[in-house]
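Take 191 as the starting number for the sequence shown in the numbering used here and just add one per residue.
For every residue, glycine included, the Cβ atom is placed at its ideal position computed from N, Cα and C.
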Amino acid sequence: MTNYFLAKTEPSAFSIDDLEREGITKWDGVHSHQAINFIKNWKIGDKVFIYHSTGHSSIVGLGEVVSKPEKDTNDERNISWFAKVKFVCKYPEGKYISLKQVKESGKFNDFYLVKQSRLSVMECPDNFVSWLKYKGLSII
């Protein structure tokens, strides 16, 4: 079964365009214990919604986990884990799903994206994934 996650990134540091250009990247640099625990749960084939956390604060694309999570031996703090994520698609700008839309729907008040705004990696509830599909986003 495919699980869906959301990973936030600052587009000035690493954007969906960077992921598209690289094809596959090591999703690293995460230091929150809660976010690291979500990365540890990633399985090959899981999907990751890419979320730009500044500017328009929106879901802008989709990636896929292509490696098992590993401890990041290059992390000076010795706490971080990573997995490799492959580019799947970039959503057209008019199809981005903004944080404002998520909040205004009133359906996801218990979702980490709404209730814990600083968390950089999180699992997406099934009803959220269904809602994104209903809104026209490709989730394959």
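Residues of its chain near ASN193, where Cβ-Cβ distance is below 6 Å and the 5 sequence neighbours each way are ignored: The count along the sequence shown starts at 1 and reaches residue 193 at position 3. Result list for ASN193: ASP236, in chain order.
Between the region 258-267 and the region 285-292, do at least 3 Cβ pairs fall closer than 8 Å? Contact between the region 258-267 and the region 285-292 is absent, because fewer than three Cβ pairs lie under 8 Å.
Taking C-alpha atoms, which residue in LYS258, ASN299 and SER320 lies nearest to ILE229? In the sequence shown, the residue the question calls residue 229 occupies position 39. Distances from the alpha-carbon of ILE229 to those of LYS258, ASN299 and SER320 put LYS258 closest.
Please report the residue range of the beta strand (DSSP E) in which TRP271 lies. Position 81 of the sequence shown, counted from the first residue, corresponds to residue 271. Start and end: 271-280.
Extract the residue ranges of the alpha helix (DSSP H) inside the region 223-293, only unbroken runs of 4 or more that lie entirely within it. Runs found: 223-230.
Can you tell me the Cβ-Cβ gap for CYS314 and LEU196, rounded? I've got them flagged as a contact below 8 Å. The count along the sequence shown starts at 1 and reaches residue 314 at position 124. The count along the sequence shown starts at 1 and reaches residue 196 at position 6. Taking 8 Å as the upper bound for CB-CB distance, CYS314 and LEU196 are in contact here, some 5 Å apart.
Can you give the Cα-Cα distance for GLY213 and PHE239, rounded to whole angstroms? Working through the sequence shown from its first residue, we reach residue 213 at position 23. Working through the sequence shown from its first residue, we reach residue 239 at position 49. Straight-line Cα distance between these residues: approximately 15 Å.
Return helix, strand or coil for GLU200, following the three-state DSSP convention. Position 10 of the sequence shown holds residue 200. If DSSP states are grouped into helix, strand and coil, GLU200 belongs with coil.
How many Å lie between LYS274 and THR215 at the Cα? Indexing the sequence shown from 1 puts residue 274 at position 84. Indexing the sequence shown from 1 puts residue 215 at position 25. The alpha-carbon atoms of LYS274 and THR215 are separated by roughly 5 Å.
Look at the alpha carbon of ILE330 and the alpha carbon of ASN227, and state the distance between them as a whole number of angstroms. Your numbering for residue 330 matches position 140 in the sequence shown. Your numbering for residue 227 matches position 37 in the sequence shown. Computed Cα separation, rounded: 24 Å.
Would you call ALA225 buried or exposed, if buried means 16 or more other Cβ atoms sit within 10 Å of its Cβ? Against the sequence shown, residue 225 aligns to sequence position 35. That one is buried.
Here's the rule: buried if 16 or more other CB atoms are within 10 angstroms of the residue's CB, otherwise exposed. What is HIS223? As a working note, residue 223 is residue 33 in the sequence shown. By the neighbour-count criterion, in which 16 or more other beta carbons inside 10 Å mark a residue as buried, HIS223 falls on the exposed side.
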